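Letter by letter, the sequence shown follows residues 0 to 408 of numbering that gives the first Met the number 0. Cβ coordinates follow ideal geometry from the N, Cα and C atoms, glycine included. Since the structure is predicted, the reported quantities are computational estimates derived from the model, not experimental observations. Data block below; observations after.
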Amino acid sequence: MPPDPVSTTAAQSAEQRSPALPLRWLARALAGIDHGELTLIDAAGNRVSLRGQAKGVAAVWRLRRPWRALFRLLHRGEIGFAEGYIAGDWGTPDLQSLLQFTMDNEHALTDLADRPAWQRQLDRFRHRLRRNSRRGSRAIIRFHYDLGNEFYRQWLDSTMSYSSALFSKGDEALETAQQRKYQRLLDRLDAEPGAHILEIGCGWGGFAEAAARRGYRVTGVTLSQEQLEYARERIARAGLSERVELRLQDYRDLSGQYDHVVSIEMFEAVGEEWWATYFDRLCQCLRPGGRAALQVITIDEQAFARYRVSADFIQLYVFPGGMLPPVRRFNALAGAAGLVRREQDFFGPDYALTLRRWFEEVRRSGDVIRALGYDDRFLRMWRYYLAYCETGFRSGRVDLMQVILQRRY
Numbered sequence: 000m001p002p003d004p005v006s007t008t009a010a011q012s013a014e015q016r017s018p019a020l021p022l023r024w025l026a027r028a029l030a031g032i033d034h035g036e037l038t039l040i041d042a043a044g045n046r047v048s049l050r051g052q053a054k055g056v057a058a059v060w061r062l063r064r065p066w067r068a069l070f071r072l073l074h075r076g077e078i079g080f081a082e083g084y085i086a087g088d089w090g091t092p093d094l095q096s097l098l099q100f101t102m103d104n105e106h107a108l109t110d111l112a113d114r115p116a117w118q119r120q121l122d123r124f125r126h127r128l129r130r131n132s133r134r135g136s137r138a139i140i141r142f143h144y145d146l147g148n149e150f151y152r153q154w155l156d157s158t159m160s161y162s163s164a165l166f167s168k169g170d171e172a173l174e175t176a177q178q179r180k181y182q183r184l185l186d187r188l189d190a191e192p193g194a195h196i197l198e199i200g201c202g203w204g205g206f207a208e209a210a211a212r213r214g215y216r217v218t219g220v221t222l223s224q225e226q227l228e229y230a231r232e233r234i235a236r237a238g239l240s241e242r243v244e245l246r247l248q249d250y251r252d253l254s255g256q257y258d259h260v261v262s263i264e265m266f267e268a269v270g271e272e273w274w275a276t277y278f279d280r281l282c283q284c285l286r287p288g289g290r291a292a293l294q295v296i297t298i299d300e301q302a303f304a305r306y307r308v309s310a311d312f313i314q315l316y317v318f319p320g321g322m323l324p325p326v327r328r329f330n331a332l333a334g335a336a337g338l339v340r341r342e343q344d345f346f347g348p349d350y351a352l353t354l355r356r357w358f359e360e361v362r363r364s365g366d367v368i369r370a371l372g373y374d375d376r377f378l379r380m381w382r383y384y385l386a387y388c389e390t391g392f393r394s395g396r397v398d399l400m401q402v403i404l405q406r407r408y
């Protein structure tokens with residue numbers, strides 16, 4: 000996690016001299032809201048309520064250290080807002096509602112949310128330094144996935160699937176919904192018995208196990224040593240080692256041809272400059288007529304132009320080097336590589352529900368995660384990340400698709 004970028008000496012002094020000023024200043028700055036209701040509360044218990052004309056969520060923003068929170072917001076915009084939560088400068092009883100409120104009233108928060116131009120360029124420069132070269136990709140994967148299998152085990156379900164589930168109903172068990180996702184991907188491949196499937200980004204082995212149990216052979220690749228060790232042990236315990244081979248390998252170094260390819264939410268980590276390379280390699284790894292089943296997070300076309308030139312919270316704190324594709328760009332690159340789109344559907348609301356389940360598990364497992372050696376700042380960063388993503392899916396700004404691509408004969 001990046002170090003706290005804010006020097007707090009001046010802010011701490013201001014907290015003691017005039018603690019109520021930030022509350023009044025924020026109330027004036029937020030006077031143009033249109034949707035919902037926001038209650039601002041400072042450390043002394045002073046409160047201000049703001050209400051828009053249109054319906055929306057009711058949110059509470061509790062400023063524990065108002066000056067520090069304001070300082071971050073003015074100097075770092077939406078990134079400073081996130082950093083304030085991570086640092087504990089502010090809190091809220093319902094993080095998702097507060098983030099939804101900010102998104103609903105985005106037009107009224109432009110002056111607060113926008114980073115100065117120099118700050119945007121600096122953040123973008125930091126992001127571009129984390130290139131997805133072979134060496135860079137290994138470092139990026141270690142940054143996120145090699146935090147420790149025990150950490151992820153505390154809040155993922157028993158499948159250890161770190162991707163969206165596919166629900167039949169809202170109260171369905173997460174494990175059941177994750178297994179449905181695996182089975183749907185397999186069904187859509189229309190694979191012959193005993194077919195050989197390549198999985199690009201095999202994670203902790205959930206899909207490989209599901210496919211092997213249906214009688215398929217699986218070769219899976221990952222760049223995470225932690226994931227690889229866990230997945231190999233998992234496959235061995237299930238008695239499926241004869242059908243599954245898992246390797247530590249970059250997708251760019253793959254060779255040979257397979258009957259089918261599956262890649263579940265790996266494309267997002269490829270990086271824009273490597274998108275065409277990814278599709279070329281995917282096509283080369285498919286036998287003529289073979290199908291690829293991909294699950295991919297996408298971003299709204301209009302939002303992409305700004306997103307691609309201004310590193311966001313996730314790129315800076317969670318997935319360095321990552322980039323979400325807009326659907327049209329994704330489809331065009333796949334077609335240019337010789338892949339024909341056969342099916343494509345979207346189910347972003349299922350990801351919002353998956354993320355809410357993960358958020359609740361992280362919160363419930365806080366004491367256990369702390370006992371593993373992670374501090375409160377780390378936990379707040381993860382809660383913010385999960386809530387931030389959930390809000391994006393609920394708003395439709397980001398979506399989730401499954402797409403079936405077929406190599407031309």
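Length of the line joining the Cα atoms of residue i and residue j
{"i": "L399", "j": "E300", "result": "14 Å"}
{"i": "L173", "j": "E359", "result": "12 Å"}
{"i": "I40", "j": "Y387", "result": "22 Å"}
{"i": "D374", "j": "I85", "result": "11 Å"}
{"i": "L188", "j": "S262", "result": "12 Å"}
{"i": "P65", "j": "G31", "result": "21 Å"}
{"i": "G395", "j": "Y350", "result": "11 Å"}
{"i": "G44", "j": "T109", "result": "27 Å"}
{"i": "L73", "j": "G79", "result": "8 Å"}
{"i": "F362", "j": "W60", "result": "The residue you asked about is not Phe; residue 362 is Arg in the sequence shown. Taking the straight line joining both Cα atoms gives about 19 Å."}
{"i": "G205", "j": "T101", "result": "36 Å"}
{"i": "Q405", "j": "L165", "result": "23 Å"}
{"i": "K54", "j": "P287", "result": "53 Å"}
{"i": "S48", "j": "A57", "result": "10 Å"}
{"i": "G238", "j": "H195", "result": "18 Å"}
{"i": "G270", "j": "M380", "result": "23 Å"}
{"i": "F329", "j": "A26", "result": "42 Å"}
{"i": "S162", "j": "R183", "result": "14 Å"}
{"i": "E171", "j": "L62", "result": "36 Å"}
{"i": "I403", "j": "Y181", "result": "14 Å"}
{"i": "G214", "j": "R242", "result": "8 Å"}
{"i": "C282", "j": "R152", "result": "34 Å"}
{"i": "E191", "j": "G337", "result": "22 Å"}
{"i": "W274", "j": "Q177", "result": "27 Å"}
{"i": "G167", "j": "G147", "result": "Gly is not the amino acid found at residue 167; the sequence shown has Ser there. Looking at the two C-alpha atoms, the distance is approximately 31 Å."}
Buried or exposed by the 16-neighbour rule on C-beta atoms within 10 Å, applied to residue i
{"i": "H34", "result": "buried"}
{"i": "P92", "result": "exposed"}
{"i": "H106", "result": "exposed"}
{"i": "L37", "result": "buried"}
{"i": "L342", "result": "Checking the sequence shown, residue 342 turns out to be Glu, not Leu. By the neighbour-count rule (16 or more Cβ atoms within 10 Å), E342 is not buried but exposed."}
{"i": "Y383", "result": "buried"}
{"i": "L408", "result": "Reading the sequence as shown, one finds Tyr at residue 408 and not Leu. The residue is exposed, with fewer than 16 neighbouring Cβ atoms inside 10 Å."}
{"i": "D311", "result": "buried"}
{"i": "V308", "result": "exposed"}
{"i": "A19", "result": "exposed"}
{"i": "R369", "result": "exposed"}
{"i": "V260", "result": "buried"}
{"i": "V339", "result": "exposed"}
{"i": "R280", "result": "buried"}
{"i": "S372", "result": "Residue identity check: residue 372 is Gly in the sequence provided, not Ser. Its Cβ having fewer than 16 others within 10 Å, G372 is exposed."}
{"i": "E149", "result": "exposed"}
{"i": "R246", "result": "exposed"}
{"i": "G76", "result": "buried"}
Inter-residue CB distance, residue i and residue j (contact presumed, cutoff 8 Å)
{"i": "L354", "j": "E389", "result": "4 Å"}
{"i": "Y257", "j": "C284", "result": "6 Å"}
{"i": "E452", "j": "I234", "result": "Residue 452 lies beyond the residue range present for the chain, which begins at 0 and ends at 408; the question has no answer from this structure."}
{"i": "G334", "j": "A268", "result": "That pair is no contact at about 22 Å."}
Other residues of its chain near residue i: CB distance less than 7 Å, five sequence neighbours each side excluded
{"i": "T7", "result": "At T7 the pLDDT is 48, less than 50, meaning the model places this residue with poor confidence and gives no usable figure here."}
{"i": "D344", "result": "M400 and Q401"}
{"i": "A210", "result": "L185, I196 and V217"}
{"i": "A200", "result": "Before going on, a small fix: residue 200 reads as Gly here, not Ala. Counting only Cβ-Cβ distances below 7 Å, and skipping sequence neighbours, we find T221, S262, I263 and M265."}
{"i": "W154", "result": "W357, E360, V361 and S364"}
{"i": "Q52", "result": "D33"}
{"i": "S12", "result": "Confidence at S12 is low in this model, with a pLDDT of 45, below 50, so its placement is unreliable and the value that follows should be read with caution. Around S12: no qualifying Cβ."}
{"i": "T276", "result": "R251"}
Chain E contact for residue i (CB, 8 Å cutoff)
{"i": "Q256", "result": "Protein chains in the displayed structure number just one, and chain E is not present."}
Neighbourhood of residue i by C-beta distance below 6 Å, restricted to the same chain and skipping five residues each side
{"i": "W203", "result": "M159, Q226, Y229 and A230"}
{"i": "E244", "result": "T218"}
{"i": "G347", "result": "F392, D398 and L399"}
{"i": "G87", "result": "none"}
{"i": "A292", "result": "L184, R187, L188, V261 and I403"}
{"i": "V367", "result": "Q153"}
{"i": "E82", "result": "R71"}
Contacts around residue i, its chain only, beta-carbon distance under 8 Å, and the 5 residues preceding and following it disregarded
{"i": "P325", "result": "T297, I298, D299, E300 and F303"}
>> Going residue by residue through the segment 141–208, where are the continuous beta strand (DSSP E) segments of at least 3 residues, counting only ones entirely within it?
In response: Runs found: 195–199.
>> I'd like the ranges of any beta strand (DSSP E) spanning at least 3 consecutive residues and lying wholly in the segment 240–271.
In response: Correct list: 243–247 and 257–263.
> Residue ranges of each beta strand (DSSP E) run of no fewer than 3 residues wholly in the segment 31–114, ordered along the chain?
Replying inline: The qualifying runs are 34–41, 46–50 and 53–62.
> Counting only runs that start and end within the segment 261–328, where is the alpha helix (DSSP H) found for 4 or more residues in a row?
Replying inline: You should have 274–284, 300–306 and 312–316.
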